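Asker: Can you read through this structure? Questions will come right after.
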Ligand SMILES: NC(=O)c1ccc[n+]([C@@H]2O[C@H](COP(=O)([O-])OP(=O)(O)OC[C@H]3O[C@@H](n4cnc5c(N)ncnc54)[C@H](OP(=O)(O)O)[C@@H]3O)[C@@H](O)[C@H]2O)c1
């Protein structure tokens, strides 16, 4: 039996990706910090789709977490053929105003932990004839965003890393895709402290389920980059076409924190 390991599976896009894979009868390994939410999702998946599911509550910002996950898989003989690196968060505000600790934690989860898990799981993934890595970045990967600068930089890293890794490990039969969602309904805004921006963008939100469906089918088709939804596709095309400084200035005026917000 081959499993899909999904990080950040307790809620939002990761939960929706887990449900999408369950619909396709794929056994699952669910990872996040909230054990109760993972167990509830595992019960829902077993009841609705009758696929095998196991959970592990892990804080992925700890230095040992990637090894812990590999040891858990090896000792239980969970063979992994899909790795979804989805766990991540954002923090909204001017660089100097946001506490350094929070920004370093975000870099740790969004980049370091993703790299460590990917590296640690390569030997396991390469045991299958065909396997997949789906890294969750963002449309923020395509543009430097003032007042969201470290988050956008972490997601630019994820996109760049995913695109080159795709070539590095192609001969091992591992396909790498990068999912770049735009505004998506989840608890992301709350953790980022971005509710005020969220209200402005309410018309363009996609559901986590729609993003997950497009993400999983793009991954299984081996797409390098998956931008879900027409609005996001238009936005990313616009970012490529227009001069960077103009786009950064527009982004800066959208993302600037106003004292009234
Ligand atoms: N929502 C958007 O608009 C949007 C747009 C573009 C990209 N994204 C990206 O999509 C991904 C998923 O975000 P989301 O929107 O679904 O946000 P979300 O609803 O806040 O979910 C985040 C997930 O990450 C997990 N997580 C957070 N910190 C963790 C840690 N230290 N260790 C282990 N797991 C941790 C959370 O679980 P626990 O709290 O239980 O640990 C949760 O399952 C992120 O990488 C985000 O950057 C989101």
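Numbering (this note's numbering), first residue to last: 214 to 474. Note that CB positions come from ideal geometry on N, CA and C, so glycine has one too. As the structure is a computational prediction, the values presented were derived from the model and not from experiment.
1. Thinking residue 299 and residue 220 are a contact (beta carbons under 8 Å), I'd like their distance in whole angstroms, please.
2. Can you tell me the Cα-Cα spacing of residue 473 and residue 446, whole angstroms?
3. According to DSSP, which residues form a beta bridge with residue 344?
4. Along the chain, where does the alpha helix (DSSP H) that runs through residue 291 open and close?
5. Any heavy atom of ligand 1 closer than 8 Å to the Cβ of residue 501?
6. How is the alpha helix (DSSP H) around residue 368 delimited, first residue to last?
7. In chain order, which alpha helix (DSSP H) runs of at least 4 residues are fully inside the region 387 to 438?
8. Please determine whether the Cβ atom of residue 268 lies at a distance below 8 Å from any heavy atom of ligand 1.
9. I need the DSSP call for residue 455, collapsed to helix, strand or coil.
10. Just to check, is the beta-carbon of residue 250 closer than 8 Å to a non-hydrogen atom of ligand 1?
11. I need the straight-line Cα distance from residue 455 to residue 355, nearest angstrom please.
12. Give the C-beta separation of residue 215 and residue 341 to the nearest angstrom, bearing in mind that I take them to be a contact with Cβ-Cβ under 8 Å.
13. Look up residue 244 in the DSSP assignment and give the residues it is bridged to.
14. Kindly identify the DSSP beta-bridge partner or partners of residue 215.
15. Between the region 322 to 332 and the region 295 to 310, are three or more C-beta pairs nearer than 8 Å?
Answerer: Inspection of the coordinates gives the following:
1. 5 Å
2. Model confidence at residue 473 stands at a pLDDT of 46, short of 50, so the residue's coordinates are unreliable; what they give is reported in the following sentence. In a straight line, the C-alpha of residue 473 is about 32 Å away from that of residue 446.
3. 387
4. Run containing residue 291: none; DSSP gives neither H nor E here.
5. The chain is shown from 214 up to 474; residue 501 falls before or after that span and cannot be answered.
6. 362 to 381
7. 401 to 405, 408 to 413, 421 to 433
8. no
9. coil
10. yes
11. 12 Å
12. 6 Å
13. 220, 269
14. 292
15. yes
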